[in-house]
Structure formats: C-alpha cells, structure tokens
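In what follows, a single structure is set out as structure tokens and then discussed.
Residue numbers (our numbering): 205 to 475.
Laid out in structure tokens, this is it:
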C-alpha cells in the first residue's frame, strides 16, 4: 500500500527542498521561488512529515541538511529538473480539450458581478475543465496564491502586491446607491450628499469591518455616514434592503445593477 504521506509531496514542495538545499536559508529560498518566508517554513513542515525527517536544521551557518537530505538531494534535483523541462516543453493550452481545474479566488462582490459570465465562458470555451470558486478578501488573496490554494484572484485587491504576482486592471467604474422602491430617495435625481447622509446605511463587509470605500471618501470631506447594519454577503444585503424601506447601500456599479435586478431594487448614482 502506498504511504499516504508521499501522496502529499507535490512538485512545489520538491522545489522548496531544492531551494533550501542550495541556499541554506529560508528567506533566500523564498526570494528565489517568489514566495514568503512563512510559506517556505510551511512547506518545510510538510516535507518533514512526508519524509519523516527534520531534513534541514538551524545552525550558525544557516539551514544545514540532515544526512537524509544530503542523500535525497541529487534525486530530488533530477526530478525537479525533469518536471520543469516537461512543463516548459508542454504544448500551448488548448481549451477545447483541456481537463485542468481552475481555482479562482473572488471577493463576494466580484463573484456576484463576474462569476456568472466567467463560469459561462469557461463552460463554453473549455467544456472539460472544472472550476472551483473560493471567496477571498484583500487580506487573504496573496497568502492563498502563495500557498497554491488559488490560481487567480478577482476583486479590489491591495495595491502593494509583490512583483511576482501579475495583476491586470479589468475595468474601472463608479458607485451606486441601492435601496427599496419605496425608499424616499428612490425618486431623487440626483441624490444629494445631504440626502445621502440623512438616511441609515447598510454595509456589506465579509470581515465585519465597519468601514467601506464610501467612508474613506467621506472622511476627505470631513463628513461621515451612519452605518446601522453590517452584513457579510450581498444576498443578505438584498434580502434586508427589500424589507427595510429606510436603508441604503453603496456598491460598485456592476454589483449594484446586478443586485437591483435580482431583488427588484432601485439604483441611483452616488452623489
């Protein structure tokens, strides 16, 4: 019977082994691989479990390999080199026959706005692939990519991402105010700043943080709004807005339009 520990030794773990063996330092190994030091340490922990050996131990000279690591190094290096050659020589991606599994990370709002058309496109253009969608936030996206738990991330993400992560702006848009049809502002065109601030607000915050993009913009004007309800998801927001005629919610335009259409709500331009 195959040892289950060996099943968990994936290609990326072997690359960490090689980097540690050649660099003898977790930070330098991480820089070489384009991952964080904590990711290297986590990979080393998994390697130790897989090989049932310490493999590398701290010393004044750095991370010294154990006797087993020295024995394994030539074979592991050969395996990594062969796999890298195979990957490099692989044919160009053909979506019509590909059987890959795409691990996508999206914020809740990005998933609501872009998830359906993206899934539709993948099912149409790459019919044999699988898609796993995972909800992320701006604080977890980079870590999940470093750990290979997601391949891509879509949403409003931090501006200071490391150079190893390739980012592309897929669009820019304004914000809308969403409310029930019976809300007093539903007929206001345009919604004034005073009107916007005179009603209680609902904030969509997956982490429970009591501040959104609108609050940052308002602070620059020395103004603030009254946030009375905070929910973790857009579905919850839509259900509450339908029932509460005095609440308003500020969302990006594509998300607001989608939420309004789904729950029969009203969208107004942000002041």
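C-beta: ideal position from N, C-alpha, C; glycine also.
In the DSSP assignment, find the beta strand (DSSP E) that holds residue 339 and state where it starts and stops. Here the question's residue 339 lines up with position 135 in the chain shown. For residue 339, the uninterrupted beta strand (DSSP E) segment begins and ends at 334 to 339.
Got a sec? Which residues, its chain only, sit under 7 angstroms from residue 350 by beta carbon, not counting five neighbours each side? Translated into positions along the chain shown, residue 350 becomes position 146. 239, 240 and 243, listed in sequence order.
Which same chain residues, not among the five before or five after residue 331, have their C-beta less than 8 angstroms away from its C-beta? Translated into the one-based positions of the chain shown, residue 331 becomes position 127. The answer, listed in chain order, is 300.
Length of the line joining the Cα atoms of residue 443 and residue 467: Here residue 443 refers to the residue found at position 239 of the chain shown. Here residue 467 refers to the residue found at position 263 of the chain shown. In a straight line, the C-alpha of residue 443 is about 7 angstroms away from that of residue 467.
Residue 488: first and last residue of the uninterrupted alpha helix (DSSP H) it sits in: Because the chain here runs from 205 to 475, residue 488 falls outside it and cannot be looked at.
Helix, strand or coil for residue 373? Go by DSSP, reduced to three states. Residue 373 sits at position 169 when you count from the first residue of the chain shown. Here residue 373 sits in coil by DSSP.
Can you tell me where the alpha helix (DSSP H) with residue 436 in it begins and where it stops? Translated into the one-based positions of the chain shown, residue 436 becomes position 232. That residue, residue 436, is in no alpha helix (DSSP H); it is neither H nor E in DSSP.
Residue span of the beta strand (DSSP E) that contains residue 328, given as start and end: Residue numbering aside, residue 328 sits at position 124 when the chain shown is read from its first letter. Per DSSP, residue 328 lies in no beta strand (DSSP E) segment; the continuous alpha helix (DSSP H) that holds it begins and ends at 312 to 329.
According to DSSP, is residue 347 helix, strand or coil? Sequence index remark: in the chain shown, residue 347 carries index 143 (1-based). Helix.
Backbone secondary structure at residue 456 - three-state DSSP: For the purposes of this step, residue 456 is taken as the residue at position 252 of the chain shown. DSSP places residue 456 in strand when its eight states are reduced to three.
DSSP state of residue 275 mapped onto helix, strand, coil: For the purposes of this step, residue 275 is taken as the residue at position 71 of the chain shown. In this structure, residue 275 counts as helix in the three-state DSSP scheme.
9 angstroms Cβ cutoff met for residue 359 and residue 382: Here residue 359 refers to the residue found at position 155 when the chain shown is read from its first residue. Here residue 382 refers to the residue found at position 178 when the chain shown is read from its first residue. Cβ distance not < 9 angstroms, so residue 359 and residue 382 don't count as in contact.
Provide the residue span of the beta strand (DSSP E) that contains residue 408, from first to last. Locating residue 408 in the chain shown gives position 204, counting from the first residue. From DSSP, the beta strand (DSSP E) with residue 408 extends over 405 to 408.
Neighbourhood of residue 284 by C-beta, 7 angstroms cutoff - its chain only, sequence neighbours within 5 removed: Working through the chain shown from its first residue, we reach residue 284 at position 80. Contacts found: 218, 219 and 222.
Would you say the stretch 403 to 414 touches the stretch 428 to 438, given that touching needs at least three Cβ pairs under 8 angstroms? yes
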